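Chemist: FYI, the UniProt record's numbering numbers position 597 of the sequence shown as 597, with every residue one higher than the one before it. Every residue gets a Cβ at the ideal spot worked out from N, C-alpha and C, and that includes glycine. All values reported here derive from a predicted model rather than from experimental measurement.
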Amino acid sequence: MNVAFSETVSAATWTINEADMGMQTNTNIQNIINNANPGDTILFTGSQYTHIHLSINKPLNIVSSVGTQLYACPMEAPQGSDNLAAFSINNAAAGTNISGFKINNNNQGYGININGTSNVNILNNTIICSDGTGVNVFGSGNITVKNNTLTQSVSGIQILNSSLTNILSNLITANSGNGILFGENVSTTLINNNNISSNQNIGINILKSCNNTTITGNSIYKNCNATTGNGKGIYINATIHGLNISSNFIYMNGKMGICYDTGVTNVTETTDTVKDNYISGHTGRDVIRFIYNEDTGLDTAPVWIGETCFGGLNNVCPKIQVSSEAVMSEIKQITSGIYSVSFINKNTGLTSTGFGSFYVTFFLNKFNTSKGAADVGDIWKNVLVVNGTATVDFTNCTYKDTNNSIFVVAPYSTFNTAMKDTLTVNDANNPSLKANISATSSVSKSIIKNGDTITYKITVKNSGKKNATNVKVSNILSPTYYSSYTKPTRGSYYNGVWNIGNLNAGETLTLYITAKAKLSGITKSQAKITGTNTNTVYSNTLQTTINKYIKLSYSNSILTNSKVKTGKYVYLGTTVKNSGKDKSGTVKVKITLPKGMKLVKVNYPSVYNKATKTWTFTVPAGKYYTFKVKAQVTSKGTKKITFNDNGKIQYKYVVGY
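#1: Which of helix, strand or coil does DSSP assign to residue 30?
#2: Which of the three DSSP states is assigned to residue 562 in this structure?
#3: Return helix, strand or coil for residue 345, following the three-state DSSP convention.
#4: Would you mind giving the Cβ-Cβ distance between residue 97 and residue 123, rounded to the nearest angstrom? I have them listed as a contact below 8 Å.
#5: Is there a Cβ of chain C sitting closer than 8 Å to that of residue 182, yes or no?
#6: Can residue 483 and residue 445 be called in contact, C-beta distance under 8 Å?
#7: Please check the pair residue 355 and residue 272, which I expect to be a contact at CB under 8 Å, by giving their CB distance rounded to whole angstroms.
#8: Do residue 544 and residue 536 have their C-beta atoms within less than 8 Å of each other?
#9: When DSSP labels each residue in this structure, what does residue 82 get in the three-state scheme?
#10: Hey, how far is the Cα of residue 649 from the Cα of residue 520?
#11: Counting pairs of beta carbons, one from the stretch 495-510 and one from the stretch 464-481, are three or more of them closer than 8 Å?
#12: Residue 653 by DSSP, collapsed to three states: which one?
#13: Can you find the residues in the same chain that come closer than 7 Å, C-beta to C-beta, to residue 8, ignoring five residues on each side of it along the sequence?
#14: How many whole angstroms separate the CB atoms of residue 389 and residue 340, which I take to be in contact at a CB cut-off of 8 Å?
#15: So the candidates are 34, 47, 36; which of them puts its Cα closest to the Cα of residue 21?
#16: Quick one: Cα of residue 370 to Cα of residue 420, how far?
#17: Per DSSP, what kind of secondary structure is residue 726 in: helix, strand or coil?
#18: Under 8 Å Cβ to Cβ from residue 506, same chain only, skipping five residues before and after it: list those, please.
#19: Near residue 338, which residues of its chain fall below 6 Å by C-beta distance, leaving aside the five closest residues on each side in sequence?
#20: Taking the CB atoms as reference points, tell me whether residue 441 and residue 373 lie closer together than 8 Å.
#21: Would you tell me roughly how many angstroms separate the C-alpha atoms of residue 267 and residue 303, rounded to the nearest one?
#22: Please look up how many angstroms separate the CB atoms of residue 111 and residue 85, rounded, as I've assumed it's under 8 Å.
#23: Check the C-beta distance from residue 385 over to residue 359 and give it rounded, since I have them as a contact under 8 Å.
#24: DSSP state of residue 24, grouped into three classes?
#25: Can you tell me which of the three DSSP states residue 91 falls into?
#26: In its own chain, which residues sit with a C-beta less than 7 Å from the C-beta of residue 485, not counting the 5 before and 5 after it?
#27: In chain order, what residues of the same chain have a beta carbon less than 6 Å from the beta carbon of residue 207, not counting five sequence neighbours either side?
#28: Checking 8 Å against the spacing of the C-beta atoms, do residue 178 and residue 148 come in under that value?
#29: Tell me whether residue 636 is buried or exposed, calling it buried when 16 or more other Cβ atoms sit within 10 Å of its Cβ.
#30: Might you give, ordered along the chain, the residues of its own chain that have their beta carbon closer than 8 Å to the beta carbon of residue 495, omitting 5 neighbours on each side?
#31: Counting along the chain, where does the beta strand (DSSP E) carrying residue 44 start and finish?
#32: Can you tell which of 598, 588, 38, 68 has the C-alpha that lies nearest to the C-alpha of residue 607?
#33: Which complete beta strand (DSSP E) runs does the stretch 196-279 hold, if anything under 3 residues is left out?
#34: Excluding the 5 residues preceding and the 5 following residue 242 in the sequence, name in chain order all residues of the same chain whose CB lies nearer than 7 Å to its CB.
#35: If contacts are defined as beta-carbon pairs under 8 Å, then residue 198 and residue 162 qualify, I think. What distance do you get, rounded to the angstrom?
#36: Residue 498 to residue 430, Cα distance in whole Å?
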């Protein structure tokens, strides 16, 4: 068995890289799992293992760094699983993480079975279970399934008797039944930012329970049988106790976008929240609710939904109550080469910021605007709608000299009813004909002290085909931290702003600025260049550290005659001066009297500590203080006085007579 073992203070790593020997390898790996301690890492570096049926019975980090292929055992289910599975995570394994694998189960059962546990993370795997379920969550809580590809199974994910399941940012596609399937007793489920597409029956099947379910920010499209055309984006057939379907893209899911079936018995205006969804392209109804009527049999009934965009064709059941409809706005030019559309309330014209999770297609000079598809040679971009708005940048694309146009189309069921718009670009706004301004900045030193002088250099270039006018360069440096001066060869300069005026095509100008630091700190600047016939551009960012400049000097002295008659007084002093540019840190001064001298009085008593006989203070830039002691000489002889200037000792002498 080729296993490497490494240990740290907190946990161990077991590395598995042996050759695949089928059932024997599975036994070896299971033994490692059994012998590992909670919190250890099982690291797979081998490329492939077959006949895998691993039972996880403690919290472990099970990781592949190479996308290890695991093929589930076709004959034996792991302990704790009711069916065949590559991994079975059991009740003692709360806190387990599984990531980085390509799991294949060509049998009935599961790719990963999570049974009676909690706090499990399934991350960054590809899982296929051709006759079963990719990830099965049963009797568990706080399970996260994130950034996985769940494909070619009957259901990508199945949840039963579980709460707090988070299904985030997965690709759930090409499953023969459901993308996500709800069984009984499922509560508090978050389905967010997933791509749920091309499953052959239903995208999200809320079949047997619906308790505090949130479905938001997902792309749910083309979930249908390609042969029969039957399919549904979201299917609900359980009593609703909290349901939020918002900000999703629900598109071309066969017959129905959102279907409430007869198992839903309690729909009112406040039962659920359905809003800010883009729902379009269904052959039956975009939204419908079925009920069973004892007199007439199967019938339809109301559902109350909030603002919705139907892609130009409202195809909901007539009994559905829609509070408002969103439509696509006209194209707006943000600046030359940059354009946007928003999805706005049809009645108020205000942007509906809840819309997202879908793309609109922008074209520059589309050859044929009678269809939505691109032709060979078309210039186009798919742009994600975020907070109700899609913005495209065609600045660097090839424009014609004149008569340019922008065309945009939103997802549609038929092109004739599609939301689309065309904007003719004014020749004056043609980016290809604009000046193309660029700028670079540099500084002679990046670390200085307050009061030092440095040089800022800014170079501005017009590499376009058109002259730029009213060119201004601002934020070259911070006037808060520097005083600066220069004499430009063109234009004027003041306080970090250079007004150039005209900058002709192909022309380059450079400015050198002398700057003197006047405040300590860290300063960042990024020159901003604006003008007529040019886009706003920025130079590189400069950062300068201005360290504090503090220069302290000390002078100790006997302020009166050093020969003193017994019983008389003498004055002692320490002068502290800061000739730097910044306020000092804390300074301590102490004058210690010897035996035969008695302290009478000190000045600056507010900063004087009587117990330690120490002044504690700071000195502003350019200021000085003199700290004085009045002392009485009480005996004859030479007296040694100790001056302590912030830790530096000096002695002076007084003679008593």
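Modeler: Taking the geometry as given:
#1: Within the sequence shown, numbered from 1, the residue matching residue 30 stands at position 30. Three-state DSSP puts residue 30 in a helix.
#2: Numbered from 1 along the sequence shown, position 562 holds the residue referred to as residue 562. Reduced to three states, the DSSP call for residue 562 is coil.
#3: The residue you call residue 345 lines up with position 345 of the sequence shown. DSSP places residue 345 in strand when its eight states are reduced to three.
#4: The residue you call residue 97 lines up with position 97 of the sequence shown. The residue you call residue 123 lines up with position 123 of the sequence shown. Contact holds; Cβ gap of about 7 Å.
#5: Absent from the structure: chain C. Only one protein chain is present.
#6: Indexing the sequence shown from 1 puts residue 483 at position 483. Indexing the sequence shown from 1 puts residue 445 at position 445. Not a contact, by the Cβ cut-off of 8 Å.
#7: The residue labelled residue 355 in the question sits at position 355 within the sequence shown. The residue labelled residue 272 in the question sits at position 272 within the sequence shown. Not a contact, Cβ separation roughly 19 Å.
#8: As a position in the sequence shown, residue 544 is number 544, starting the count at 1. As a position in the sequence shown, residue 536 is number 536, starting the count at 1. Taking 8 Å as the Cβ cut-off, residue 544 and residue 536 do not qualify as a contacting pair.
#9: In the sequence shown, residue 82 corresponds to position 82, counting from 1. Three-state result, residue 82: coil.
#10: In the sequence shown, the residue the question calls residue 649 occupies position 649. In the sequence shown, the residue the question calls residue 520 occupies position 520. Roughly 31 Å separates the two Cα atoms.
#11: yes
#12: Within the sequence shown, residue 653 is the residue found at index 653, counting from 1. Correct three-state label for residue 653: strand.
#13: Residue 8 sits at position 8 when you count from the first residue of the sequence shown. Bear in mind that the predicted position of residue 8 carries a pLDDT of just 44, short of 50, making it unreliable; the figure below should be weighed with that in mind. Cβ neighbours of residue 8 beyond the five flanking positions: none.
#14: Your numbering for residue 389 matches position 389 in the sequence shown. Your numbering for residue 340 matches position 340 in the sequence shown. Sure, about 6 Å apart at Cβ, within 8 Å.
#15: Position 21 of the sequence shown, counted from the start, is the residue given in the question as residue 21. Measuring from the Cα of residue 21, the nearest candidate turns out to be 47.
#16: Against the sequence shown, residue 370 aligns to sequence position 370. Against the sequence shown, residue 420 aligns to sequence position 420. Roughly 10 Å between the two C-alpha positions.
#17: As displayed, the chain neither begins before 1 nor continues past 657, which places residue 726 out of reach and without an answer.
#18: Translated into positions along the sequence shown, residue 506 becomes position 506. Excluding positions up to five away in sequence, the list reads 462, 463.
#19: By one-based count along the sequence shown, residue 338 stands at place 338. For residue 338, where only same-chain residues beyond five positions count, the Cβ hits under 6 Å are 393.
#20: Locating residue 441 in the sequence shown gives position 441, where the first residue counts as 1. Locating residue 373 in the sequence shown gives position 373, where the first residue counts as 1. Not a contact, by the Cβ cut-off of 8 Å.
#21: Here the question's residue 267 lines up with position 267 in the sequence shown. Here the question's residue 303 lines up with position 303 in the sequence shown. Their Cα atoms are separated by approximately 7 Å.
#22: For this step, residue 111 is matched to residue 111 along the sequence shown. For this step, residue 85 is matched to residue 85 along the sequence shown. Correct: roughly 7 Å between the Cβ atoms.
#23: Looking up residue 385 in the sequence shown gives position 385. Looking up residue 359 in the sequence shown gives position 359. Indeed, because the Cβ distance is near 7 Å, the residues count as touching under 8 Å.
#24: The residue given as residue 24 occupies position 24 in the sequence shown. Helix at residue 24.
#25: Here residue 91 corresponds to residue number 91 of the sequence shown, with the count starting at 1. Helix.
#26: Along the sequence shown, read from residue 1 onward, the residue named residue 485 stands at position 485. Excluding residues within five positions, the ones whose Cβ falls inside 7 Å are 514.
#27: Sequence index remark: in the sequence shown, residue 207 carries index 207 (1-based). Excluding sequence neighbours, residue 207 sits near 182, 237.
#28: Residue numbering aside, residue 178 sits at position 178 when the sequence shown is read from its first letter. Residue numbering aside, residue 148 sits at position 148 when the sequence shown is read from its first letter. Not closer than 8 Å, so no.
#29: Along the sequence shown, read from residue 1 onward, the residue named residue 636 stands at position 636. Exposed, since its Cβ has fewer than 16 Cβ neighbours within 10 Å.
#30: Counting from one through the sequence shown, the residue named residue 495 turns up at place 495. Within the same chain, residue 495 has close Cβ partners 479, 484.
#31: What you label residue 44 is simply residue 44 of the sequence shown in a count that begins at 1. Its beta strand (DSSP E) spans residues 41-44.
#32: Reading the sequence shown from its first residue, position 607 is the one you call residue 607. The candidate whose alpha carbon is nearest that of residue 607 is 588.
#33: 202-206, 210-216, 219-221, 232-236, 240-246, 249-251, 256-260, 273-275
#34: Within the sequence shown, numbered from 1, the residue matching residue 242 stands at position 242. So the qualifying residues of the chain are 211, 212, 213.
#35: The sequence position of residue 198 within the sequence shown is 198, counting from 1. The sequence position of residue 162 within the sequence shown is 162, counting from 1. That belief does not hold up - the Cβ atoms of residue 198 and residue 162 are roughly 26 Å apart, past 8 Å.
#36: Numbered from its first residue, the sequence shown carries residue 498 at position 498. Numbered from its first residue, the sequence shown carries residue 430 at position 430. Rounded to the nearest angstrom, the two C-alpha atoms are 27 Å apart.
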